[in-house]
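Per the numbering used here, the very first residue in the sequence shown carries number 4; after that it's consecutive. No residue lacks a Cβ here, since even glycine has one placed at the ideal position from N, Cα and C. Input: a single structure, listed below in structure tokens.
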Amino acid sequence: MEITPLTPKRGEKPPIEEKKERISRKRVTKKELMKRVKELEEALRTERERAETYLRQLKYAKADLENLRKMVKRQVEEAVRSGNERLIRELLVVLDDLELALEAGGKAGDREALMEGVEMVLRKFRKILESEGLKPIEALGRPFNPDLHEAVMRVEDPDRPEGVVVEEVRRGYMLRGKVIRPSMVKVSVNPRREEKEGARDG
């Protein structure tokens, strides 16, 4: 059996004081740990509340965005309907004028009067379409452009350069800068050039 000396060596603490210090150190560590746990629990609770707030805000924003999308869709549909109604009302005026021109030409039996009436209606009709952004595509005498023109025939013409529109079969149109119908055209082919190319190939 080891006997602990009652008098400690120089620089050493008595055994009883050292034991008390170890116990005190353990108690402080546990207290600090509990405090840290509480701090973490509080931080976690705060972050959960913040996340729930963000989630609610996100749901509200999503609902607002969906409502805005529906509203814009309704407005676009209404604008299209209103635009169609306005255009139809303007075209009804053209229809009225055309009926009057045919009626007047039929009564008078005058072909020239009938033609003048129809030309007047055609001018009014074109004006309405132009006000909506419709423009004819320039084709005759222009270089063939596949984005604007549709070639239906090739015509030999020694007096013209290769690939020029020599005849417009059906007029093409653009609506607000977009091709809605290409021009159907006949395109020049220079026979001399083909002969030269044939001779070079041979």
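Excluding the 5 residues flanking residue i on each side, which residues of the same chain have their C-beta closer than 7 Å to its C-beta?
i, result
"Glu-159", "Val-192 and Pro-194"
"Met-4", "Confidence at Met-4 is low in this model, with a pLDDT of 46, below 50, so the placement of that residue should be treated as unreliable; the coordinate-derived value is given next. Answer for Met-4: no residue qualifies."
"Glu-171", "Ala-142, Leu-143, Ser-186 and Val-188"
"Leu-137", "Tyr-176 and Leu-178"
"Glu-119", "none"
"Ile-6", "In this prediction, Ile-6 scores a pLDDT of 49, lower than 50, which makes its location untrustworthy; the coordinate-derived value is nonetheless stated afterwards. Excluding positions up to five away in sequence, the list is empty."
Using CA coordinates, which residue listed in the options is at the minimum distance from residue i?
i, options, result
"Gly-166", "Arg-173, Tyr-176 and Arg-145", "Arg-145"
"Gly-180", "Leu-151, Glu-42 and Asp-162", "Leu-151"
"Met-177", "Met-118, Glu-69, Glu-171 and Pro-139", "Pro-139"
"Asn-148", "Val-168, Leu-47, Val-83 and Asp-67", "Val-168"
"Leu-103", "Glu-122, Glu-88, Gly-86 and Asn-87", "Glu-122"
"Leu-125", "Leu-101, Glu-135 and Leu-137", "Leu-101"
"Val-83", "Glu-50, Glu-135 and Ile-183", "Glu-135"
"Glu-133", "Leu-90, Glu-106 and Met-118", "Leu-90"
Return no unless some Cβ of chain C is closer than 8 Å to the Cβ of residue i.
i, result
"Phe-128", "Among the chains in the structure shown there is no chain C, since it carries only a single protein chain."
Within its chain, find whatever has a CB closer than 6 Å to the CB of residue i; leave out the 5 residues flanking it on each side and keep chain order.
i, result
"Ile-131", "Glu-93"
"Lys-127", "Val-97"
Here's a check: name, in chain order, each residue in its chain whose Cβ is nearer than 8 Å to the Cβ of residue i, leaving out the five neighbours to either side.
i, result
"Arg-163", "Val-169, Ser-191 and Asn-193"
Should residue i be counted as a contact of the ligand SAM given a C-beta to heavy atom distance under 7 Å?
i, result
"Pro-149", "Summarising the ligand content, the structure contains no ligands, and the ligand SAM is consequently not present."
Please determine if the region 179–187 and the region 144–158 are in contact, where contact requires at least 3 C-beta pairs separated by less than 8 Å.
yes
Which ranges does the alpha helix (DSSP H) cover as unbroken runs of at least 4 residues, wholly within the region 69–130, from first to last along the chain?
none
List, from N- to C-terminal side, the beta strand (DSSP E) runs of 3 residues or more that fit wholly inside the region 117–191.
137–139, 152–159, 168–173, 176–178 and 181–184
Does the region 67–75 come close enough to the region 96–104 that 3 or more CB-CB pairs lie under 8 Å?
no
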